[in-house]
Each structure stands twice: as structure tokens, then as C-alpha cells.
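Reviewing the structure listed below.
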Amino acid sequence: MTTENRQTIASIMSMGGRPANSRREIKIIDTTLRDGHQSLWATRMRTEHILSMADEFDHGGFEQVDLMAPIQFDVAVRYLKEDPWERVRLAHASAPSTRFRALIRSKNIASFDFLADDVITAWVERLYANGFRIIGSFDGLNDIDNIAPGLIRAKQLGASTFGALSFCESPIHTDELYIAKARELIDKTDVDAVMLKDAGGLLTPERIRTLVPAIKNVIGDRPLELHSHCLTALAPLVYLEAVELGCDALHTSIAPLANGAGQPSTQRIVRDLRALGYRVNVNDDAIDAISQKLKTIAEDEGKPLGIPVEYDGLHYMHQLPGGMLSNFRSQLETAGLSHRFDELLHEVARVRAELAFPIMITPFAQFVGTQAVMNMISGDRYGVVPNEIKKYALGYYGKLLAPIAPELHERIIANGASNIAHEPTPIAPMLPDIQARHPDDSIDHVLLRAMFAGTQVDDMKKVVESAGRADNVPSSLLDLIKGLHRKKSTGTIVLKTADVHISLEKGERENVA
């Protein structure tokens, strides 16, 4: 965009009541490699895709690049048959100037049940050892005690940490609640940044006008990040309102992996921020190159392109993530019940309210959705209660923000599995037993076994070890080093992680007679 065009847009916006702001810098945290493809490609971006764009990301000027959360590990192991830890190592080696970040899901990481403390601690340690220097965590109940140990350990290791305040709309998720949770997060974890995480795309301009100042007042000089989705079409406007109120960093994804169920488009948000007078120090050429590569991947592999959606007020009733909506519709069609889709959405909203308004993110969105399906299909509400719902009601997953009605609580306890204790007990350490059964495994693979039952890790390892990468993508750090060494005629090649530090000097040889 030319300077003249920017001035014109800023002038137009000023006429609409938005005076051009100061030259304050707004940081961009890229989500393309993590939540972008999670939202639009069912998390099916492969390691080869990431490596093909690594150089552009390394020159993209992003404050941070979001790379891995639990679902990326899950899909890599179970569906793509890739080693997710190898993806982490290769990404860091291929983009050494990029500040990649990792996100942890409470104390269950990639499973639905809570895991032992030794698994959580080791997971954080291996994130750091494999290259991550920015590590954060979130909890679907905003129970700070669930995320504090991991954040504290990450900070002890030397990582910069961020804690998420997960957002939803309900009578109990008030500004006062978020003020209290922000204060608790700072007091218990001393995080370096706070992330307002709106996984459902539920924030409105009206709500952001009270919420951002309230949180900023609590966290002081710590950066406030905003993460939202375009499910209601309001996120781009919410982002602009947020920065006007003091928000420091925005989570965006590069189109075409933006909009729809994903984050706002980097290109559009950067354009609008600059037009409003903010500084955004990203590399437009690198972003354009990444965008073109994403389009090529989508065309070659038949993947969808993100497009803006119309405003959908019904979303505020059920608050389901986009992926679950499509899954529900598909499952009902298979069962010949597609005509009951709207009925199911209403049942989801009713169950969520009855269960004290858990935020509709993993794992609670799945819990609520499953109970709603059982209620609708059987006609006997809570006649069948999944184990997870009983555990939720008993506090296995953390402190509920409001009580469940006594009569419903009793019905859930009575109809749930009888072998679930009424009081959760500490989980015994898990790693010694897994290591004893798999003595030849690295700690990285031992941790994957703690997440994924059965032969899933073995199946992944067989594919990786026997086939390697049939598409010429490096299958090991050594292969990557060799490739870089061949490409570079002279100079120094340095690859560094917490476990490995390699420096290679390559110079021109003198001609010898």
C-alpha cells in the first residue's frame, strides 16, 4: 500500500469517528502454522508444508509464530504418521531467527483425562529442550491452579511465558470474573504476557470496550494479546477496537488460511492498522510469498480456502467451535437425523447452561456435545451419563465457576459409572512404568505414549523409520544440515537447540597447482 493510499484511508476513517492513532507499534503473532490450518484444514498441514515456507517466515518480521499445541501433536501421530517432535526440531533449525511458541492445554495436554504431574513437567521440559523459548497454557475452566505448575516450570527453564484467559459469553463470565482471574494469573505464575483467548469468536466491539481496559489495568506493563476467530464475522472489527483501547499484540493468520473458522487475515489487519496510524513491522513481501505457497498447497491437495462469513447470531446460543458443528452435521446425516440439527444445537445450549457454563473449547465442548447427543437420541435427559460428565461434575477437571443444580448433580452422579470415586485422588507418576515397558524409546516418544493409547505411537514410528520422507523432505536434523551445507558455498552454518549446538564453517578452497 502506498503512503498516499494509507493517508487517504486514515482520513476516511477519521471522518467516521476514528482519529488516526499515534505511531504505537502493534505486534503480530502469526497463527498460520498452528491455528490457521487447525481451523480450516482440520490440522492437516504437514511438516513438508511448514519447511517449504520456513525461509519466508524467518524473514516475516512477526513478533512470534505459533507452531504447536496439543492437537498438532495428536494429528501428526494419529493421522499424518509424522513425528511431531521432529517437526518442532526441523522448524526451529530451518527458521533460526523465528520466535516459535507452544501452547499447553491445562493438565491434560493431548488427552481428555488429566495426566500425572511428572508428564506435565517433562512435557514442558521437552518443549524447551526441542527449541521453544515461548511457552503458554490455557484451561477451559480458567482454573489457574491447573496451569500454574507448567508455566512456573517453563519460566524456571528460561522461557518467556504467557497465560490465557479463555473467553465465552455467559451470566457468570463477567468482566469482574476476568479481572479476578487476571490478577490470580499474575500472582500465581508471574507470566510475561496475557492472552485473551476467544476460541469461539464471541467477542463483540461492545464487550471488548470494557474488557480490554479492565484486564490492562490489572496486568500493567505486561503485553496483552488478543486471539479470536471469524465465526461471527466480528473479529476484524473487534481487533481494531482492542488496539485502540491498548491491546499490544494480535493473533492473525495469512490468507488464504484466514477468515471463516480461522483468525482474521494478516494482510487485511495489517493494512487497517497502518491506515489508523499504527506501526506494524512485518515484511509484506514475505507474507505475500507465504500466501502464494498456501494457495498452491490448497490447489494441489484440494484443501479449502478461507472466506469471510456472514454474521450468525445463533452462534452465541450454542458457542460450538466450527469443527464440531461440521462433525455434528455429518454424524446426524449418517444416522438419518439431519432434520434434527437445530434441535441438537438448542440441546447443546441447554446442557451447557445446566453444567454451569463451561467454555466450549477442548475438552469441554466435546463433553457437552456428547451429553447433548445422548439426551436428544435417547429422549431421557441424563439417563446415560458419560464418564467425563460425571468427572466434570465431581471436580476432576478443576473448580466449577458456579454450582450445578442439586437435583441434576444427583442425577449425573447416580447415572454415571459407579467405579468413579466421588473424590478425585492424586494421579501416580506415569513415566517410570512407560519407560520400563519401552526402554529403547527417547523421552520424547515416552511422552507421546503417555498421550496416545494402543499402538498409535508404534504405527507412527514404523512409518517414519521405514519410509522416511518419500517427498524429499529432510527426515532428520542431520539430513537438514547436509542440505543446508550443500546449498551454501561459503560462510558459517549454525544450528542450535537446548540439546544440540552445531557450527559448520565452509570456505572456498584455493587452487593448488
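Under this note's numbering, the first residue of the sequence shown carries the number 6, and numbering increases by one thereafter.
Where a beta carbon is used, it is the ideal one built from N, C-alpha and C, also for glycine.
Check A105 in the structure and name its three-state DSSP category.
Note on residue identity: the sequence assigns Phe, not Ala, to residue 105. Correct three-state label for F105: strand.
So the candidates are V70, P444, I432 and T209; which of them puts its Cα closest to the Cα of L108?
Nearest of V70, P444, I432 and T209 to L108, Cα basis: V70.
On the three-state DSSP scale, how would you describe K308?
Coil, per DSSP.
What separation, rounded to the nearest whole angstrom, lies between the Cα atoms of A153 and G459?
Computed Cα separation, rounded: 30 Å.
To which residues does DSSP link Q69 through a beta bridge?
I34
Per DSSP, D203 forms a beta bridge with which residues?
S233
Let me confirm a value: P176 is counted as buried when at least 16 other C-beta atoms fall within 10 Å, else exposed. Which label applies?
The residue is exposed, with fewer than 16 neighbouring Cβ atoms inside 10 Å.
Could you tell me whether any non-hydrogen atom of the ligand FMN is closer than 7 Å to the CB of N222?
By its list of ligands, the structure shown contains no ligand whatsoever, and the ligand FMN lies outside what it can speak to.
Taking 8 Å as the cut-off, decide whether the C-beta atoms of C173 and V217 are in contact.
no
Could you tell me which residues DSSP pairs with S142 in its beta bridges?
I109 and G168
Would S44 and G374 qualify as a contact pair, given that the criterion is a beta-carbon distance under 8 Å?
With a cutoff of 8 Å on beta-carbon distance, S44 and G374 are scored as not near each other.
Buried or exposed for I84, going by 16 or more other Cβ atoms inside 10 Å?
In the sequence under discussion, the amino acid at residue 84 is Tyr, which differs from the Ile named in the question. Result: exposed.
Please go through the same chain and pick out, in chain order, the residues whose beta-carbon is closer than 7 Å to the beta-carbon of I448, but skip the five residues on each side of it.
A127 and R131
Below 8 Å, can you find three or more Cβ-Cβ pairs linking the segment 193-204 to the segment 217-228?
yes
Going by DSSP, which residues form a beta bridge with H256?
H256 is bridged to I34.
Distance, Cα to Cα, R110 vs G141?
9 Å
Buried or exposed for A159, going by 16 or more other Cβ atoms inside 10 Å?
buried
Among the residues of its own chain, which have a CB less than 6 Å from the CB of P75, if the five just before and after it don't count?
R110, I114 and A115
Can you tell me whether S383 is helix, strand or coil according to DSSP?
helix
Whose CA, out of H256, K404, D122 and A238, lies closest to the CA of K32?
Among H256, K404, D122 and A238, the Cα nearest to that of K32 is on H256.
Quick check: the Cα distance between F67 and R273, rounded to an integer number of angstroms?
A direct Cα-to-Cα measurement between F67 and R273 gives close to 15 Å.
Taking three-plus beta-carbon pairs below 8 Å as touching, is the segment 433-443 in contact with the segment 178-194?
no
Beta carbon of F117, beta carbon of L72: below 8 Å?
no
Under the three-state reduction of DSSP, which class applies to R284: helix, strand or coil?
strand
Alpha carbons only, please: which of G384, D385 and R357 is nearest the one belonging to Y397?
Out of G384, D385 and R357, R357 has the C-alpha closest to the C-alpha of Y397.
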